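Below is one structure, written out as structure tokens; the observations come after it.
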Amino acid sequence: MTPTSQQRHFRYKRLSIVLGVIAVVVAALIALATFWLPGYAKSQLEIHLSEYLQRPVTVASIELKPRTLELTVQGFRIDEKTDAAEARPVLFSFNTLHIGVSFESLKHRAPVVTSITLSEPHMRLVRKNKDQLNISDILERLQQPSDKENTASDQGTPFSISNIAIQGGRVEFIDQYENTGHTVSEINLSIPVAANINSAQENWIEPRFSAKINDAPLTIDGKLRLFTAAQEAVVAIKLDNADLTRYNRYVALPEGTHLLSGFYDSDLNLNFTQEPDKAPEISITGTTSLRQLALKNNAVATPYQTSLKKLHIVLSNVDLGNQKPARIKLNIDQALLTREGEKEPALSFAKLVIPDITINTATQKIGLGTIALDGFSTTLRRDAQGNLDLSRLFSPAGAPAQTAQTKQQVVAHIPIPARKPSRPASPVKITEKVTEQRDVAVEDTNNKNKPDATEKPWTPQLKSIQLKAAKLRYEDLSMTKVTPMIVDSLDLTLDDIDLNGIKPLQLTMQGRVNQHGSIKASGALAWSPLAADLLLDLTAVDLVSLQGWLGDKLTALLTSGDISFAGNIKAGGEPLKIQVNGDGKLANFNIFDSKNAYDLLHWKKLDINRFNFSNDPLHVDIGALYLSDFFARMTILPDGSLNLKQIIQTEKPAPPAAAVAAVESKEHGAAGAKGETPVHIAKIYLQQGNINFNDRFIKPNYRANLTALTGQIGPLYPGKSGKIDIRGMVGKTAPLHIHGTIDPFSSQLLMDIMAQVKDIDLPPFSPYSGKYVGYEIEKGKLSADVNYQIENGALTADNKIFLDQFTLGEKVESEDAVSLPLDLAITLLKNRRGEINLHLPLKGSIDDPDFNLGDIVFNAFINMISKAITSPFALLGSVFEGGEELSEISFAPGFAEIEADSAARLKALAGILADRPSLKLEISGHIDPETDYEGLKQAMLQRKVKAQKIAEETKKGIASGTLANITLTPKEYSKYLEIAYKKESFEKPKNAVGLTKSIPDAEMEQLMLTHTAITDSDLQALAENRATAARNWLVENGGISGERIFVVGAHENEDSGKKIGSKAEFSLK
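Note that my numbering numbers the sequence shown so that position 754 is 788, with each residue one more than the last.
Following this line, the structure appears as structure tokens:
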């Protein structure tokens, strides 16, 4: 063997020895790792962990496979710390932990784990009191600082872990403090690979987690890049059917509010991106829902229960970093709010959709887009005290006020910051104490931080509201017999909404009112300040259901009635000005008297066309008013009041004396300053009217019926007298016509109304005649032609009344009857055809506080009939104008000749006597001693002068007739005066030669009158001649039988001055 070979052999031998030693060592190590190390590790693990955790720790077995670098731990268990002798409950345990390591770890000089599998881990957490868990001591120990400094580099230790899995895990949480418990079961986690070595940094880490939280399935799937320069993560979180009632004790609901049921679902995607040196970008997309949610609130004045079938929220790329506006869609299905003890909900809706909610933290605006609400229904109720009950749903119950030491409450809130924070929020460490986290959520309700006044408030924005198939119900329990007001099938759209109320929104609405009426509206509406411009169409709204709003004021029943209106309503300005323009209708209107079981008032149609109303200045303008097929039952009740006035009671409580004095003072101060009524009515049309009149004040009752009332009235407005033309029938037999002019709206009433009625049967008026004059009416007909005028407050009336075959019946005993000479009056007034013509003028002042037209007419009638005895010719004045003047005729002083004026009176008197053959006439002549004395001298002078003409014409053979027929011209008078003068026997003036001197006519007349002697017999004869002249005229010219005329002597009474005068007087018998 050469030295070289020996040397080589030595080296081989040494290598073999080394390799052998290594093999032996490795084999020994493998043997130790396989057979000794697991047992040792098991014992040491149990000892040290038990000591550290202060709880018994046991391990069933540890298996190490050095050849495949696999470690398996089985039957690991940590028991609860307890001094009890019985079996300790398990705190934490798992069935198997398997870890596989790759030899690639040597290559990469970093741990390369091929698999980590944890099967059936089980953890039992117990909350013993408010701030203590069964692992609180372990958590405190873990939070203590370590003695060794952390020298790891910022880049971290390289690693690669594959096939991470947790299988069949379970966590039990027993809350002894709240006496409840929770379970997270079927916990499974799988991560295919997680590595930060250079070759794997760009690979996605794709964890998958699933579990059941109180039987609610939860899955979390993700894709993460945590070890690249730009970190990314996409996480999908899905939770189904989470029962919220399991967490009632951990949510700080308001006091008195209880969650009865509710389930939570979510399907969310979380996207995370963070570039180097940049703030992270976090966004959420997905859906989240609440189902079968039910709450009960007993802390309000009216307890209620609310529920909803589903609340569904769709999140569209919601940026949690507040850099981009968040977009959200909200759906709510079948929400109800029901008062305690009631079956019908007070508020409900079928569906609420807000498809586009935008939250912009940069501009601090919340855009709600369009709110669509379907099937909304609510009942608004006014209680007996006048309070709206919906307000009681949100007002606290009558509990004592909280003191300053009000206990702290755990509240859940999501603050919306006024602006982005200037620095990132501090991260929350998962190792913080639970009690500290609990304290963070505690908010002192008495010491809330007030918001900074300089912070910009959040501004909500709403585009539109769409309400479909809504139902609104209003009940007023403060009034009796009130039918609920219901508006249903309501569709409402509000567009261009400005929540500040400054810019007008656009409104469109239609719905049904009280089952068969309808309402439509469209236009613009603002409320700051109030402004509106709306088109309103109200059709056939039933008034029957609204009559209860009058309370006890309505004494009758409104059994039918529909109101309609189509027009424009405008409002705005300061002070508020309101304008209403349009057409209105009140159809099928009927008021029923349930006490007496008959209709009081009804009409088929009342149309108001071109209606215009303004409150500033106050003005009402009506183009035309049509009233057709109307009926009114007017009854004078036993107390003398009118029934129609009592349909609505207007009694008011007496005002205080001071208030009355103030009002009276104001009224006196304003006396005479009454202004015009600002009402314009172009035309009123009446068609087929019927007024049924019943006077129950009279016993027996009087009834009358006005039918077929048709006509026109108008125009009516201040300063313009409108025409009236109404025709109808009284009792279906007597035609009625009312016509004329009227101005009711001026400061002074102006009226000129005429009415004619023909052939009204009089026997139905017997109740009146019996009560007031003591006789029934056996037969007769009435016709009348009346005219009433009012101007400047003065009433002037002219009543022409015609009675045909008027005959009184039996006498009636009545305390109210006046004693009247009816028989004589009828005899005086009735002509030979059985007719009575009356003329009854009236005057009065409507400004008189005691003015009563009925009293004026009745008193005039009584005065007229009373004159049958005292002044029969005054009674005849009611038949003929100037009839009172027929009681006498006048004569020229000293004469007994009938002059033209007296002849006219005698002619009228002859006509009266001719028509009344049962009347007799007495005539008495009268003289005036003073005027007739001189007058008789003049008469005798005239006779002497005329006698000369008769004598001369007789001598000539000329027939001259009677002295009364002689007429003299002025020349003839002078001629015959001189002849008569010369024939007088008294001494006459002489001329110078002793002859009778020629003197003027006046001197001759004076001398003759001076020497004329008048005796009492002459005056008596003059009076008798005057009576005889009147009698002769009536007989000869009037055609009156002399047997009916008697001349009676005059009995003058100079002391009293009665019957003194140059006249003849008549007296009817």
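Think of the CB as a built atom: it goes at the ideal place given N, C-alpha and C, for glycine as much as any other residue. Since the model is a prediction, treat every value here as computed from it, not as a measurement.
Limits of the alpha helix (DSSP H) - the one that residue i falls within
i, result
"N351", "Careful: N351 lies outside any alpha helix (DSSP H), inside the beta strand (DSSP E) at Y338 to D353."
"V614", "Not the alpha helix (DSSP H): V614 falls in the beta strand (DSSP E), residues K611 to D627."
"K971", "P963 to K989"
"P801", "S800 to Y806"
"T1044", "D1035 to T1044"
"K1017", "P1004 to K1017"
"N1059", "D1050 to E1070"
"E1099", "Element bounds for E1099: not the alpha helix (DSSP H) but the beta strand (DSSP E), K1097 to L1102."
"S936", "A934 to D949"
Straight-line Cα distance separating residue j from residue i
i, j, result
"T1114", "K611", "Missing from the structure shown is residue 1114; the chain here goes from 35 to 1103 and no further."
"L740", "I794", "11 Å"
"L816", "V578", "42 Å"
"A313", "M543", "50 Å"
"K1103", "L837", "22 Å"
"V352", "T404", "19 Å"
"K954", "L1068", "12 Å"
"K700", "S1101", "With a pLDDT of 42 at K700, under the threshold of 50, the predicted position of this residue should be treated as unreliable, and no value is reported."
"G256", "S194", "18 Å"
"K845", "K864", "20 Å"
"E847", "L856", "15 Å"
"T469", "L173", "With a pLDDT of 39 at T469, under the threshold of 50, the modelled position of that residue is not reliable, and the figure given next carries that caveat. So the two alpha carbons sit approximately 11 Å from each other."
"N1025", "S958", "50 Å"
"V334", "D423", "11 Å"
"L784", "T1003", "57 Å"
"F892", "I899", "11 Å"
"G557", "A565", "11 Å"
Residue i: first and last residue of the uninterrupted beta strand (DSSP E) it sits in
i, result
"V852", "Unbroken run through V852: none, as it is neither H nor E."
"Q308", "T291 to Q308"
"K76", "Looking at the DSSP string, K76 is not in any beta strand (DSSP E); the run it does join, the alpha helix (DSSP H), is L71 to L87."
"M653", "This sequence places His at residue 653; Met is not what is there. It spans L652 to I670 - the beta strand (DSSP E) in which H653 sits, taken as one unbroken run."
Pick from the options that is closest to residue i, judged by C-alpha positions
i, options, result
"L620", "F907, K162 and K638", "K638"
"L1056", "E1077, H960, E1039 and L304", "H960"
"L329", "P337, S1008 and G203", "P337"
"G215", "F892, N649, G203 and L159", "L159"
"S594", "N624, E608 and P379", "N624"
"A926", "L559, N1059, A250 and A431", "N1059"
"N826", "Q326, Q782, G618 and G109", "Q782"
"K554", "V575, T767 and A1098", "V575"
"R939", "S952, A1098 and G928", "A1098"
"L661", "V614, P90 and I718", "I718"
"E796", "I896, Y508, E812 and A199", "It is worth fixing the name first, because residue 796 is Leu in this sequence and not Glu. For L796, the nearest C-alpha among the options comes from E812."
"F731", "V91, L671 and L676", "L671"
"F383", "F261, V764, T319 and A503", "A503"
Sequence-distant residues of its chain with Cβ nearer than 6 Å to residue i (five each side left out)
i, result
"L591", "F626 and S628"
"I860", "none"
"E266", "R259 and T307"
"G401", "T392 and Q495"
"D367", "K343, K344 and K385"
"Q790", "H771 and D819"
"V135", "L103 and V147"
"D510", "R416 and V516"
Residue i: CB within 7 Å of a non-hydrogen atom of the ligand GTP
i, result
"L386", "What this structure holds is no ligand at all, so the ligand GTP is not there to describe."
Nearest-angstrom beta carbon gap, residue j and residue i [assumed within contact, 8 Å]
i, j, result
"V147", "S196", "7 Å"
"P875", "A831", "7 Å"
"I603", "L568", "5 Å"
"I1000", "K1016", "With 8 Å as the limit, I1000 and K1016 do not qualify as a contact, their Cβ atoms being about 20 Å apart."
"A666", "I758", "Contact doesn't hold; Cβ gap of about 18 Å is too wide."
"L506", "T372", "Going by Cβ atoms, the distance from L506 to T372 rounds to 17 Å, so no, they are not a contact pair."
"R248", "T291", "Per the sequence shown, the amino acid found at residue 248 is Asn instead of Arg. 22 Å between Cβ atoms; not a contact."
"G928", "K971", "7 Å"
Residues of its chain near residue i, where Cβ-Cβ distance is below 8 Å and the 5 sequence neighbours each way are ignored
i, result
"A993", "E987"
Cut-off 7 Å between Cβ atoms - residues of its own chain near residue i, not counting five sequence neighbours on either side
i, result
"R761", "T744, G745, L770 and H771"
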